[in-house]
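Asks: Okay, here's the structure, questions in a sec.
Numbering (my numbering), first residue to last: 1 to 561.
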């Protein structure tokens, strides 16, 4: 519990003051921007970054690693550039929680020194790469508040398995990022750190629960951001901020060593950790590095899955793609419909086969999702909020999860839920096999980003968490002037309310739109390779470059210092 001598307001004030003090004076913005601004170009125009730093931070992670490897950039210069951009992003969007700029720069200097003294040593596959992590991941000696005032001033005793692995592979962790109170809503707002804003329009949500990562990566304040996803918490921030957001199958990426908003033993379906990035090849590279590092050898939550693609998977090939226009409950709004159809048309034109798919039993599955999430009436979650006396934030109230009273679910009820889940997984597995699918193309959400505290429905993402399929949001540009209000909701009153949230291209100008790809459970290697191929056929922000082979089993310079 929070100290009886310290109110939640004083806890928040203290945490925010410390965060501000860790931004160097010379990195502070002199100008303020009103709510509703597009601040995406501020880092390039504010005068804080040098021309070299602007160019350096414009690259994706794979290219940055190549430029560090060939000596074009030092680890220190790369880290300083991303720390500066992260500081700028924080002042514009409030995306950061814990700041490690000083420690990150010192670590980068240490990596440069190690390389200088032992030039013959192999470099770790993430050598010198600045990576940000969601606030839930534990770092020894640092708080993981996850938006609870009662979690403040309780530094972690050890570093979580994924941050530990990233550091061992050579990464530089320079900050942690903001989340919603409870980590169960899609507005990254809490009473400790405040609200994260969407950099494309600060009057709109940055999504959640990895919303801080979404905003930071969109502003190039991190080469790769690490989030978690138990209902859409990587893919939705990717969608609304215009970046790539990959949710692997659970147990692919190390997850242990985190702060939890629910009781750690609560038997919900497993969440996933994964990257938010500015290119598909960065997401593919991340999965490759994690699997080649043998993550299962250090984290008991990880499955023993190797990076071993077939030659046929590496070569360009024609795919069978399931095409989901809607889920039968929520009608996609005009920008989402248009973007999805454009992607489908481009894929067909490239010779891929689009197979129309109607998703089975969606309503039943979403009912089960809600039961899993609230099976103890979220007593533990409520107790952590009430411990400090802080109020519920608006989006938590709107979601309604804390108001649900499921009382005590009996073992029979739990076993029934688990049995139903297995049946649903088998139904979808059969659908996949019968249609001979490589992947599914679907919306990430029925809508784009919305104004703050309006997001509520997670139909298009939570479905795949429940089934434990990998998924990724792929950026498809922004709302166009031609995306006029048209058509109508097809599925009743709730659908009509959500569909009406889109008021036209004037209010939504510049708001990103994405599509979602879904793969088969534990087929993540095939999935990310197929997603990379599809990405190159639909939008492709970067020219395709082969990802160099890396092996996490070779000997390299110790990167942990």
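Beta carbons: idealized from backbone N, C-alpha and C, even for Gly. Here the structure is a predicted model, which is why all the values come from computation and not from measurement.
Does DSSP put residue 256 in a helix, a strand or coil?
Replies: Taking the chain shown and counting its residues from 1, the one referred to as residue 256 is at position 256. Looking at residue 256 - three-state DSSP - the assignment turns out to be coil, as it is neither helix nor strand.
Asks: Does the stretch 432-446 come close enough to the stretch 320-336 to have 3 or more Cβ pairs within less than 8 Å?
Replies: Because the criterion of three Cβ pairs below 8 Å is met, the stretch 432-446 and the stretch 320-336 touch.
Asks: Would you give the residue range spanned by the beta strand (DSSP E) that residue 172 belongs to?
Replies: Along the chain shown, read from residue 1 onward, the residue named residue 172 stands at position 172. Its beta strand (DSSP E) spans residues 172-177.
Asks: Take every Cβ of the stretch 231-243, pair it with every Cβ of the stretch 210-217, and state whether three or more of those distances are shorter than 8 Å.
Replies: The stretch 231-243, when compared against the stretch 210-217, does touch it at the 8 Å Cβ threshold.
Asks: Any contact of the stretch 36-53 with the stretch 167-175, i.e. 3+ C-beta pairs under 8 Å?
Replies: The answer is no - the stretch 167-175 does not touch the stretch 36-53, with fewer than three Cβ pairs under 8 Å.
Asks: Is it buried or exposed for residue 422, if we count other Cβ within 10 angstroms and need 16 for buried?
Replies: Within the chain shown, numbered from 1, the residue matching residue 422 stands at position 422. Label assigned to residue 422: exposed.
Asks: Using only alpha-carbon positions, find the residue among 506, 303 and 56 that is nearest to residue 335.
Replies: Position 335 of the chain shown holds residue 335. The option with the nearest alpha carbon to residue 335 is 506.
Asks: Could you check which residue in 429, 308, 122 and 510 has the C-alpha nearest to that of residue 468?
Replies: As a position in the chain shown, residue 468 is number 468, starting the count at 1. The shortest C-alpha separation from residue 468 is found at 429.
Asks: Between the stretch 300-308 and the stretch 327-343, can you find at least three pairs of beta-carbon atoms closer than 8 Å?
Replies: The answer is no - the stretch 300-308 does not touch the stretch 327-343, with fewer than three Cβ pairs under 8 Å.
Asks: Taking the alpha helix (DSSP H) that residue 428 belongs to, which residues open and close that run?
Replies: Here residue 428 refers to the residue found at position 428 of the chain shown. First-last of the alpha helix (DSSP H) with residue 428: 411-434.
Asks: Grouping DSSP H, G and I as helix and E and B as strand, with all else coil, what is residue 573?
Replies: Nothing about residue 573 can be reported from this structure: the residues present for the chain run from 1 to 561 only.
Asks: Less than 9 Å separating the beta-carbons of residue 512 and residue 478?
Replies: Position 512 of the chain shown, counted from the first residue, corresponds to residue 512. Position 478 of the chain shown, counted from the first residue, corresponds to residue 478. Yes, Cβ-Cβ distance for residue 512 and residue 478 is below 9 Å.
Asks: Considering only DSSP beta bridges, list what residue 315 is partnered with.
Replies: In the chain shown, the residue the question calls residue 315 occupies position 315. Bridge partners of residue 315: none, in fact.
Asks: Within the stretch 220-286, note down every full alpha helix (DSSP H) run reaching 4 residues or more, in order along the chain.
Replies: 235-241, all fully within the stretch 220-286.
Asks: What does a CB cutoff of less than 7 Å around residue 8 pick up in its chain, not counting 5 residues either side in sequence?
Replies: Residue 8 sits at position 8 when you count from the first residue of the chain shown. Counting only Cβ-Cβ distances below 7 Å, and skipping sequence neighbours, we find 2, 149, 191, 388, 389 and 390.
Asks: On the three-state DSSP scale, how would you describe residue 479?
Replies: Here the question's residue 479 lines up with position 479 in the chain shown. Three-state result, residue 479: coil.
Asks: Just verifying my parser: in three-state terms, what is the DSSP assignment at residue 151?
Replies: Within the chain shown, residue 151 is the residue found at index 151, counting from 1. Residue 151: helix per DSSP, three-state reduction.
Asks: Count the CB pairs spanning the stretch 140-156 and the stretch 181-189 that are closer than 8 Å, and state whether there are at least three.
Replies: In short, these stretches touch, since the Cβ pair count reaches three.
Asks: List in chain order: all unbroken alpha helix (DSSP H) runs of 4+ residues lying wholly within the stretch 161-214.
Replies: Those alpha helix (DSSP H) runs which fall completely within the stretch 161-214 and span 4+ residues are 161-168.
Asks: Give every residue of the same chain whose Cβ lies closer than 7 Å to the Cβ of residue 283, excluding the five residues on either side of it in the sequence, and list them in chain order.
Replies: On the chain shown, residue 283 is found 283 positions in, with the first residue counted as 1. Around residue 283: 244, 246, 275, 277, 472 and 528.
Asks: In whole angstroms, what separates the C-alpha of residue 326 from that of residue 358?
Replies: Here residue 326 refers to the residue found at position 326 of the chain shown. Here residue 358 refers to the residue found at position 358 of the chain shown. So the two alpha carbons sit approximately 8 Å from each other.
Asks: Considering only DSSP beta bridges, list what residue 439 is partnered with.
Replies: Within the chain shown, residue 439 is the residue found at index 439, counting from 1. Looking at the DSSP assignment, residue 439 forms a beta bridge with 321.
Asks: Could you say which of 452, 446, 316 and 252 lies nearest to residue 534 if we only look at CA atoms?
Replies: Translated into the one-based positions of the chain shown, residue 534 becomes position 534. If we check each option's Cα against that of residue 534, 316 comes out closest.
Asks: What are the boundary residues of the beta strand (DSSP E) that includes residue 514?
Replies: Position 514 of the chain shown, counted from the first residue, corresponds to residue 514. Residue 514 -> beta strand (DSSP E) spans 512-518.
Asks: For residue 351, does the count of other Cβ atoms within 10 angstroms reach 16, so buried, or fall short, so exposed?
Replies: Numbered from its first residue, the chain shown carries residue 351 at position 351. Per the 10 Å Cβ criterion, exposed.
Asks: Checking 9 Å against the spacing of the C-beta atoms, do residue 261 and residue 273 come in under that value?
Replies: Walking along the chain shown from the start, residue 261 turns up at place 261. Walking along the chain shown from the start, residue 273 turns up at place 273. Not a contact, by the Cβ cut-off of 9 Å.
Asks: Secondary structure at residue 393, three-state DSSP: helix, strand or coil?
Replies: Along the chain shown, read from residue 1 onward, the residue named residue 393 stands at position 393. DSSP places residue 393 in coil when its eight states are reduced to three.
Asks: For a test of the three-state rule: what should DSSP assign to residue 292, helix, strand or coil?
Replies: Numbered from 1 along the chain shown, position 292 holds the residue referred to as residue 292. Of the three classes helix, strand and coil, the one that applies to residue 292 here is helix, per DSSP.
Asks: Using three-state DSSP, classify residue 332 as helix, strand or coil.
Replies: Along the chain shown, read from residue 1 onward, the residue named residue 332 stands at position 332. Three-state result, residue 332: coil.
Asks: Could you check how far apart the C-beta atoms of residue 340 and residue 457 are, in whole angstroms? I think they sit under 8 Å.
Replies: To locate residue 340, count along the chain shown from 1; it is residue 340. To locate residue 457, count along the chain shown from 1; it is residue 457. At roughly 17 Å, the Cβ-Cβ gap does not stay under 8 Å, so residue 340 and residue 457 are not in contact.
Asks: From the DSSP output, read off the bridge partner residues of residue 132.
Replies: Start at 1 with the first residue of the chain shown, and residue 132 comes out as number 132. Note: residue 132 sits in a beta bridge opposite 175 and 225.
Asks: Tell me whether residue 360 sits in a helix, a strand or coil according to DSSP, three-state version.
Replies: For the purposes of this step, residue 360 is taken as residue 360 along the chain shown, with counting starting at 1. DSSP places residue 360 in coil when its eight states are reduced to three.
Asks: Buried or exposed: which applies to residue 455, given that a residue is buried once 16 or more other Cβ atoms fall within 10 Å of its Cβ?
Replies: To locate residue 455, count along the chain shown from 1; it is residue 455. Residue 455 is buried by the Cβ-count criterion.
Asks: Taking DSSP as the reference, what is the three-state secondary structure of residue 96?
Replies: On the chain shown, residue 96 is found 96 positions in, with the first residue counted as 1. DSSP places residue 96 in strand when its eight states are reduced to three.
Asks: Considering only their Cβ atoms, is the gap separating residue 89 from residue 221 smaller than 9 Å?
Replies: Within the chain shown, numbered from 1, the residue matching residue 221 stands at position 221. Within the chain shown, numbered from 1, the residue matching residue 89 stands at position 89. Cβ distance < 9 Å, so residue 221 and residue 89 count as in contact.
Asks: What is the DSSP secondary structure of residue 563, counted as helix, strand or coil?
Replies: For the chain, the structure presents residues 1 to 561; residue 563 sits outside this window and is missing.
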